[in-house]
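**Student:** Line by line, the protein sequences give chains A and B.
The opening position of the first sequence corresponds to residue 1 in our numbering, with each subsequent residue numbered one higher.
The opening position of the second sequence corresponds to residue 1 in our numbering, with each subsequent residue numbered one higher.
Idealized CB from N, CA, C, for every residue including glycine.
The model shown is predicted, which means the values in this text are computed figures rather than measured ones.
Have a look at this one.
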Amino acid sequence: MASPKYIKKYVRQALKDAVLRSAVDNATQSTVEARQEIIDQIPHWEGLRQKCHAIKKEVIDHLDRYLEQFEDQCIQNGIQVHWAIDGREAQDIILGIAREHHVQKVVKSKSLTTEEIQLNQKLIENGIETLETDLGEYIIQLMGQIPSHLVIPALHLTRKQIAKLFHEKIGNPYTEDPTELLKVARKKLREKFLSADMGITGVNFALAETGTICVIENEANAHLTLSLPNIHVAVMGIEKLIPGQKDLSYFLNLLAPNATGQKSSTFINLIGGPSREKYGEGPKEVHIVLLDNGRSNLLKDPKMREILSCIRCGACLNVCPVYQQIGGHAYGWVYMGPIGINLIPQYLGKAVGRYAPYLCSLCKACFETCPVRINLPGHILQNRKDIVQSGHSQWVEKIGMSVWGFCAKHPLFYRFVTWFPGKLQKLLLKEKPFLVPGYTRERAFASFDSKGFRKQFHRYLHQQDSFSKRS
Amino acid sequence: MDASRYKILEKIKAGTRIHSQIPSATDDFEKQIIDGLEAITPKGNQALVDQFKNELELVSGEFHLIRNDDEAAEWISQYLTKNKVNKWVISGETRCQQIADRIHQKMGGIELVETTQIGWPKRKTELADASVALVEASFAIADIGSLVFRCDQTRTSLPHFLSDCVIAIVEQKRLLANQHELFQKLSSEEMKHLFMMAGPSRTADIEKILILGVHGPRQVIVLMLAS
């Protein structure tokens, strides 16, 4: 999982998979275009980004205060609050709630946090039927895979693959018509909604002032998940807080355009406690699991704590040239793309995640796009630096940097080393580029200029000098 | 659990004691937002209605402006007849009850489910069978074509999500320009059980092809009662 070996293997596979690249390209480009159309209609877009950045900064820098306030309000609202240091503890808490209520069937709406803690596996291992209800997540679950995008989990699959999957796993007559495929899923899942004992959702935003959680969706599965079963469990990372209801509108204005290219998400649900007693429907009990799982470690870094501002919209993935080439599975974890490669070494440790921050060309498109203005490329560089300093860099890189360090300290040797490859290429390869094992398998190695950098740079300096004398 | 709570909060407190180096915003973004909202909000009631209609239609919703409850009852009667509806459902508002009564005085033979009159768990199975729901929205939001439902008024949220077609009545005077206006208007208590709906349920999870009616309504019809 997200290890250098895994990443190398899946990157190679992805680069050879033209269908995957085309699917990723189509999906990301259409979202980017739709997003831009909406931004063009909002003159205060930059103002919204700055406002949301400022709100998140305030919350992260005073996270303890907001968490305690949120907990107090939740308790007043009749919500049961649980704290989990890591994924295992969160799994145990949720399994404990399920066992206490003799839960046999669970329906889930899309939640990256529950993917992060591998909740489905835990519940299924313990004999509890656990079903994803978001269409993309349902497809992924049937496929036995993890999502390949933060927002569009089955983005890498074609309708033919989905048609075959449904035919084999659900047993419906084979069809490639998306509307028919949807009808099959709707019928199957409607039965599950009506008979489920427990519903599990994620949380998009949590309002500290009122102890209210906000769950955003397009399919209506989240609302059915949180309102039909007797128990609703919401799993949220501790960073999902915002101060109050007036702040929510800013985030709602930013989230949908960035996530799906919509002006607004179709359904926005606000939940402030159990409602069965009050309205004769809805859950009897609402539980919130506050998950740390490495998030509090990020607070130690006064700059990198900014990553906790992420609202998981996936906009950074859609503009990332590396993600577009390799898709989501090559990252080996539930978070991918520019935000993923920042989170992987932080959450999974530098030893496992030492390769992830290198899946970046430092083009800065993610920074330009991020709705909450997270300096993702800056943090990627910091992650790389930390990996080197902690001794987890690759041996090739260590040798390369040592050689370069030696050359840089010995100017004559440096001149030779920068002059020699150009000459060698001219003599042996007749100006053709070098073949570098591994590197040139998928792309060409740039040719050396026989004039050399030093010569050209001196000529440039000389020209500048004579120009300034003349003027 | 208390131990985990203590540990997490202690770690956070230790972390946040370190002076933050997250850059602060410099521009006057508050002014930018206020000016921007002002610039894109249509002037006048009719312009706001037109904006709501356009935005609703863009998200595949249907819009009709009607004069009063009688006209709403007439419109719904015709819809139920035309679509050969056998069973329909209403949410908990008085207006929905009154309109349903008028419809049933004129035409019988269609089973009506009054959500708030049915106990749990029968309620969910009864509602899942009904194909049309009549509901009343607390507010409508012009710039996104969305309806707002406060559960303290609807007393239920299931007809809105379980029926194939949702017919929502909303008074024109309840039309707001945007979500900023909504959240400034509502008290924190009113925000505790609330949901918004912008058109039918949808997905683009299969090859980014838009399909309506995933788990929720396939059709959302708004009847706006003119002021």
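1. Identify every residue that forms a DSSP beta bridge with Gly199 (chain A).
2. How big is the Cα-Cα spacing for Lys124 (chain B) and Glu114 (chain B)?
3. Can you tell which of A:Thr212, A:Leu181, A:Arg21, A:Leu131 has the C-alpha that lies nearest to the C-alpha of Leu210 (chain B)?
4. Starting from the beta carbon of Leu56 (chain B), find every residue of chain A whose beta carbon is closer than 9 Å, and list them in chain order.
5. What are the start and end residues of each continuous alpha helix (DSSP H) run of 4 or more residues lying completely inside the stretch 59-84 of chain A, in chain order?
6. Give the secondary structure of Asn269 (chain A) by DSSP, where H, G and I count as helix, E and B as strand, and everything else as coil.
7. Is the beta carbon of Ser91 (chain B) sitting closer than 7 Å to the one on Thr41 (chain B)?
8. At a Cβ cut of 9 Å, what residues of the stretch 17-44 of chain B count as close to chain A, listed as they run along the chain?
9. Are there 16 or more other CB atoms within 10 angstroms of the CB of Tyr439 (chain A), so buried, or fewer, so exposed?
10. Just mark Tyr335 (chain A) as buried or exposed, buried being the case when its beta carbon has 16 or more other beta carbons within 10 Å.
11. Going by C-alpha to C-alpha distance, which of A:Leu343, A:Gly353, A:Lys350, A:Arg384 sits closest to Leu362 (chain A)?
12. Can the beta-carbon of Gly294 (chain A) be found closer than 7 Å to that of Tyr347 (chain A)?
13. Thinking just about the alpha-carbon of each residue, which of A:Leu412, A:Trp333, A:Phe434 is nearest to the one in Ser148 (chain A)?
14. With which residues is Met336 (chain A) paired in a DSSP beta bridge?
15. In chain B, what lies closer than 8 Å to Leu123 (chain A) by C-beta?
16. With DSSP run on the structure shown, which of helix, strand or coil describes Gln456 (chain A)?
17. Run through chain A and tell me which residues come within less than 7 Å of Thr125 (chain B), C-beta to C-beta.
18. Measuring CB to CB, does Gln91 (chain A) end up less than 7 Å from Lys56 (chain A)?
19. Beta carbon of Ile140 (chain A), beta carbon of Ala27 (chain A): below 7 Å?
20. Among all the DSSP beta bridges, which residues are the ones paired with Thr212 (chain A)?
21. Would you mind telling me which residues of chain A sit closer than 9 Å to Lys82 (chain B), beta carbon to beta carbon, in chain order?
22. On the DSSP bridge list, what partners appear for Ser146 (chain B)?
23. Starting from Phe195 (chain B), trace the beta strand (DSSP E) both ways and give me its first and last residue.
24. Looking at C-alpha atoms only, which residue of A:Asn269, A:Thr114, A:Gly273, A:Glu125 is the closest neighbour of Glu71 (chain A)?
25. Nearest CA to the CA of Leu175 (chain B): which residue from B:Asp101, B:Leu225, B:Leu194?
26. Quick check: what's the CA-CA separation for Val417 (chain A) versus Leu248 (chain A)?
27. Could you check whether the Cβ of Asp101 (chain B) sits closer than 7 Å to any Cβ belonging to chain A?
28. In angstroms, rounded to a whole number, what distance separates the CA positions of Gln382 (chain A) and Gly136 (chain A)?
29. Against chain A, with Cβ distances strictly below 7 Å, would Val49 (chain B) count as a contact?
30. Any beta carbon from chain B within less than 7 Å of Ile182 (chain A)'s own beta carbon?
31. Just mark Arg441 (chain A) as buried or exposed, buried being the case when its beta carbon has 16 or more other beta carbons within 10 Å.
32. Any beta-carbon of chain A closer than 7 Å to the one on Ser201 (chain B)?
33. Name, please, each residue of chain B whose Cβ falls closer than 7 Å to the Cβ of Tyr279 (chain A).
34. Shorter than 7 Å from the beta carbon of Met107 (chain B) to some beta carbon of chain A?
35. Any chance you could list the beta strand (DSSP E) runs of at least 3 consecutive residues sitting entirely within the stretch 267-324 of chain A, in chain order?
36. Under a Cβ-count criterion, where at least 16 other Cβ atoms within 10 Å of its own Cβ denotes burial, should Lys451 (chain A) be classed as buried or exposed?
**Tutor:** Taking the geometry as given:
1. A:Val107, A:His232
2. 12 Å
3. A:Leu181
4. Per Cβ cutoff of 9 Å: no residues; Leu56 (chain B) is ~11 Å from chain A at best.
5. 63-76
6. strand
7. no
8. Ile18, His19, Ser20, Gln21, Ile22, Pro23, Ser24, Ala25, Thr26, Asp27, Asp28, Phe29, Glu30, Lys31, Gln32, Ile33, Ile34, Asp35, Gly36, Leu37, Ala39, Ile40
9. exposed
10. buried
11. A:Arg384
12. yes
13. A:Trp333
14. Answer by DSSP bridge pairing: none, since Met336 (chain A) is not bridged.
15. Here the premise fails: no neighbours, minimum Cβ distance about 19 Å.
16. helix
17. Leu194
18. no
19. no
20. A:Leu207
21. Within chain A, no residue comes near Lys82 (chain B); the closest Cβ sits about 23 Å away, beyond 9 Å.
22. B:Ile141
23. 193-197
24. A:Gly273
25. B:Leu225
26. 58 Å
27. no
28. 34 Å
29. no
30. The question names Ile, but residue 182 (chain A) is Leu in the sequence shown. Closer than 7 Å: yes.
31. exposed
32. yes
33. Cys151, Arg155, Thr156
34. no
35. 267-271, 285-291
36. exposed
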